[in-house]
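Below is one structure; the comments refer to it alone.
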Amino acid sequence: MAVIISAILCIIIGLALAVGGWKVIDLGGTWYFAVLAVGFLLTGVLLLAKRRSALWVYALVMLGALGWAIYEVGFDWWQLAPRGSIIAPLGLWLLTPWIAQRLGWQHFGARAWGGSAIPLMIAVALWGATALHAITTDSHDIKGMLPQPLAAAPAAQVNTADNVPEGEWHAYGRTQHGTRYSPLAQITPSNVDRLEEVWHYHTGDLRRPDDPNETTYEVTPLKIDDSLYICTPHNFVIALDAETGQERWRFDPQVPDSTNRQHLTCRGLSYHVSETPIGESCQQRLFMPTADARLIALDAKTGQVCPAFGNNGTVNLWANMPHVKEGFYYSTSPPVVANDLVIIGGAVNDNVSINEPSGVIRAYDVLTGELKWNWDPGNPEQTEPIAEGETYSESTPNSWSISSADEELGLIYVPLGNQVPDQWGGNRSENSERFSSSIVALDLDTGELRWVFQTVHHDLWDMDVPAQPSLVDIDTENGPVPALVAPTKQGDIYVLDRRTGKPILPVREVPAPQGAAEGDWAAPTQPASALSYEPPILQGKDLWGATFIDQMMCHIQFHSLRYEGRYTPPSTQGSLIHPGNFGVFNWGGVAVDPVRQMVFSTPAYLPFTSTLIPRENDQDTYVSNKEPYLNENFGAPFAVELKAFVSPIGLPCIAPPWGYVAGADLRTGKTHWMRKNGTVRDRAPIPLPFKMGVPSLGGPMLTAGGVAFLSGTLDYYLRAYDVTTGKQLGEWRLPAGGQSTPITYLSRSGRQMVVVVAGGHGSLGTKAGDSVIAYALPQ
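So for the sequence shown, our numbering puts the first residue at 13; every next one is plus one.
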């Protein structure tokens, strides 16, 4: 019976490989699966006939598969594993006496292992030796060391942007320079593994049945004086005692639920302290953007609204907007507070129609809420406050992410996205072409444009500039230069002179694939930075699966799609977009050490597919079945279907690692180390902590003590790293997904605290929660 079952199994596998393998060949792919099919079918037939030669044939199958695997992927364990996941165990099974005896041997024991079994024994042994060697060999990490800090540039002499006390965290990126760097050094590589939980607070703000899928807890807390300030996905603002985690006050802006929202999140608050007395309240104030498009000013001490700001504490961000529709516009990110102005952009629902709200950037008086200037990407020359009754330009590139500011230079640096629809650009205006997927520097006082740097020309891939630019001074051959460090979804990190927007590290224009959809065009070249984590062009050998069967299915997908490398235009055939619009980098950005002049980053690699669906009219839905009808692109010639590039069982079609941490020198652009980061513990059916390297969505944080912290991986951990080498120093289990950015500060008892928010991310499928957790060294 065992022989018959084994024979049937081989024949079934062989038939599946024959059908799929022929499809792969027909699409122009490898012959490997078809050849493998012949071996399995022949083995199965010989097993049915109870011929010993079945073992010889299967030995050839194993040896051929091993040789091909090593030729394609070397000794990469996670690439070899699916190639041998069926082949090697089946070979071992065929050597058992239950099979051997039925193939003609009359006795168990030594006689059952001779003759025809020897080649198969050798094949199994070679697979085993290869697996043992591969599992102990690291073929992906770059192991090196960043240069140590220069003795001539101590931390005290580094330009850290403002007067934020070293033990506090006053803005999203700690300061308006957005470096996510703290000068605290109590925690070091030698003691960080001793961190322990000090307090654990629950906000009580949990997901509701009508929340959008992308309900996320992405907040970076603020620490000011003796208080910690957070916001929640439903826009509650909460003040905690920074030492104990006890709640001091809570503000509920009473945001109504809506089915129209694409996102529901709050990435953070903004803070301002008046230098001159303004009364008994609101000397210190917090600014909170809400999901129903309000900007609210709160007294940081009491949580009460500041009535002198706007209309009883509130500015209506729908003012002067075209196409007002609840849920289609609001700011998911904190505004910038600089030069006594609060400056804010907003997110527009992606790809619903061609008639959407404006991407205007507006500056309000920090005390009164009076509109001081507006920069409209569709009308960039007119920055004086818009007249009553007029509206801003519709559907312009918007800034949904976080800006940074340099008050000494008098500039705010705004990352911009795309004009909708993202994947078809046949109707874009001249100004949209100029500003789409760019960083713009605006005059803080007037909003006038100083310079623009475009990271993608005629963006057809949703490659918004996703992250806050980080500002740092860099030593060059010509002396120190005030620089801007901008990570992008496509994997480039641009290092620019923030006075002019000119590159410090080289940027070159490279040829790009052509052949956009009907009525559209593709830019002939695209910019490429010398500091880049662009993924290599995918080849057949890079495709993956749990077994060679679903790996074969990924081959069929791959060869059915249009793919010519980065910037392959979307198509009606279906295009493979790598990196996908999840991005190599996203809103979490990078952390920059201004002393070492290095960048700590978290590259991630997840391809997507983009298929344009011709629209016959503006009424029918093609890719969605409920509001807000994302990706329908009403008014455009195409809807778009966006999917992750995964196998039929939901695993990525490209081999791991899918996520890293990396350290690079900003003076040279050299990456000194790059290490796989994170495990599949919380993504696999069996919670095994295989360190395969998983994507991270959330920002890193650096300290002068030489330790970096990150919590955004798809497994639920806060992790600490050695900044010099990238080596992981410790990890602490979180109760939910930690898709946020940790901060560090000094408590009133003198302890350096590390605080992380763990609330999960709806689109990533990480566990939801409402935790705010503080860690410190033992007292």
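For each residue, glycine too, the CB sits at the ideal point set by N, CA and C.
Inset, instruction - Kindly list the residues whose CB is nearer than 8 Å to the CB of Gly742, restricted to its own chain and excluding five residues on each side of it in sequence; keep chain order. - result: Val204, Asp205, Leu207, Arg731 and Ala732
Inset, instruction - State the Cα-Cα distance for the pair Asn328 and His684, rounded to the nearest angstrom. - result: 48 Å
Inset, instruction - In angstroms with no decimal places, state the Cα-to-Cα distance between Val658 and Val231. - result: Each residue's alpha carbon lies about 30 Å from the other.
Inset, instruction - Rounded to whole angstroms, what's the CA-CA distance from Ser708 to Thr228? Just pull it up for me. - result: 14 Å
Legend entry - Sufficient close CB pairs (3 or more, under 8 Å) joining the segment 480-494 to the segment 533-546: no
Inset, instruction - Note the first and the last residue of the continuous alpha helix (DSSP H) segment covering Lys35. - result: Its alpha helix (DSSP H) spans residues Ala14 to Asp38.
Legend entry - Beta-carbon proximity list for Gln118, same chain, < 7 Å, skipping 5 on both sides: With a pLDDT of 48 at Gln118, under the threshold of 50, the modelled position of this residue cannot be trusted; read the value that follows with caution. Nothing listed; no residue qualifies.
Inset, instruction - Would you mind giving the Cβ-Cβ distance between Gln335 and Asn367, rounded to the nearest angstrom? I have them listed as a contact below 8 Å. - result: One point to set straight first is that residue 335 is His, not Gln, in the sequence displayed. 5 Å between Cβ atoms; contact.
Legend entry - Reduced DSSP secondary structure (H/G/I, E/B, other) of Gln316: coil
Inset, instruction - Within its chain, find whatever has a CB closer than 8 Å to the CB of Arg262; leave out the 5 residues flanking it on each side and keep chain order. - result: Closer than 8 Å at the Cβ level, and outside the excluded window around Arg262, lie Phe248, Val249, Ile250, Ala251 and Gly315.
Legend entry - Neighbour flag for Pro536 against chain D, beta carbons, 8 Å: Going by chain labels, chain D is absent from the structure shown, which holds only one protein chain.
Inset, instruction - Identify the continuous alpha helix (DSSP H) that holds Asp562 and give its terminal residues. - result: Element bounds for Asp562: Phe560 to Ser572.
Inset, instruction - Pick out whichever of Gln631, Glu406, Pro660 and Tyr506 has its Cα sitting closest to the Cα of Phe570. - result: Pro660
Inset, instruction - Could you tell me the distance, in whole angstroms, from the CA atom of Pro369 to the CA atom of Ile755? - result: 34 Å
Inset, instruction - Identify the continuous beta strand (DSSP E) that holds Pro539 and give its terminal residues. - result: For Pro539, the enclosing beta strand (DSSP E) has its first and last residue at Thr537 to Ser541.
Legend entry - Endpoints, the alpha helix (DSSP H) within which Arg95 is located: Trp89 to Gly96
Inset, instruction - Verify whether the separation of the beta carbon atoms of Pro492 and Ser613 is less than 8 Å. - result: Not closer than 8 Å, so no.
Legend entry - Same chain only: Cβ atoms within 8 Å of Pro523, ignoring 5 sequence neighbours per side: Pro536 and Thr537
Inset, instruction - List the residues that DSSP assigns as beta-bridge partners of Pro427. - result: Ile451
Legend entry - Minimum C-alpha distance to Lys553 - residue among Gly86, Glu546, Glu259 and Glu178: Gly86
Inset, instruction - Grab me the residues of Arg763's own chain with a C-beta within less than 6 Å of its C-beta, minus the 5 sequence neighbours each way, in chain order. - result: Ala788
Inset, instruction - Please name the residue, chosen from Tyr241, His275 and Val176, that lies closest to Asp223 on a Cα-to-Cα basis. - result: His275
Inset, instruction - Using three-state DSSP, classify Gly772 as helix, strand or coil. - result: The answer is coil: DSSP assigns Gly772 none of H, G, I, E or B.
Inset, instruction - Just tell me which of Asp253, Glu382, Ser448 and Gln740 has its CA closest to the CA of Gly784. - result: The sequence as given places Val at residue 784; Gly does not occur at that position. Minimum Cα distance to Val784 is reached at Asp253.
Inset, instruction - Taking only the alpha-carbon atoms, compute the straight-line gap between His773 and Asp782 and give it to the nearest angstrom. - result: 11 Å
Legend entry - Cβ contact check for the segment 674-693 and the segment 144-154: 3 or more pairs under 8 Å: Here the segment 674-693 lies against the segment 144-154, with 3 or more beta-carbon pairs under 8 Å apart.
Inset, instruction - Sort Ser622, Pro389 and Thr753 by Cα distance to Gly592 and report the nearest one. - result: Ser622
Legend entry - Simplified DSSP state of Glu628, which is helix, strand or coil: In the structure shown, Glu628 adopts coil according to DSSP, grouped into three states.
Inset, instruction - Could you tell me if Cys22 is buried or exposed, where buried requires 16 or more neighbouring beta carbons within 10 angstroms of its beta carbon? - result: buried
Inset, instruction - Give me the Cα-Cα distance between Asn410 and Val477, rounded to the nearest whole angstrom. - result: Asn410 and Val477 have their C-alpha atoms roughly 10 Å apart.
Inset, instruction - Counting only runs of 3+ residues fully inside the segment 676-740, write out the beta strand (DSSP E) ranges in chain order. - result: 683-688, 713-715, 719-722 and 729-734
Inset, instruction - Output yes or no for whether 8 Å exceeds the beta carbon distance between Tyr510 and Leu421. - result: Tyr is not the amino acid found at residue 510; the sequence shown has Arg there. Closer than 8 Å, so yes.
Inset, instruction - Name the residue from Thr148, Val36, Ala19 and Ile82 whose alpha carbon lies nearest to the alpha carbon of Trp105. - result: The candidate whose alpha carbon is nearest that of Trp105 is Ala19.
Legend entry - Bridge partner(s) assigned by DSSP for Thr458: Note: Thr458 sits in no beta bridge, so no partner.
Legend entry - Residue(s) in a DSSP beta bridge with Trp181: Per DSSP, the beta-bridge partners of Trp181 are Lys235.
Inset, instruction - Grab the span of the alpha helix (DSSP H) containing His145 for me, first residue to last. - result: Ala129 to Ile147
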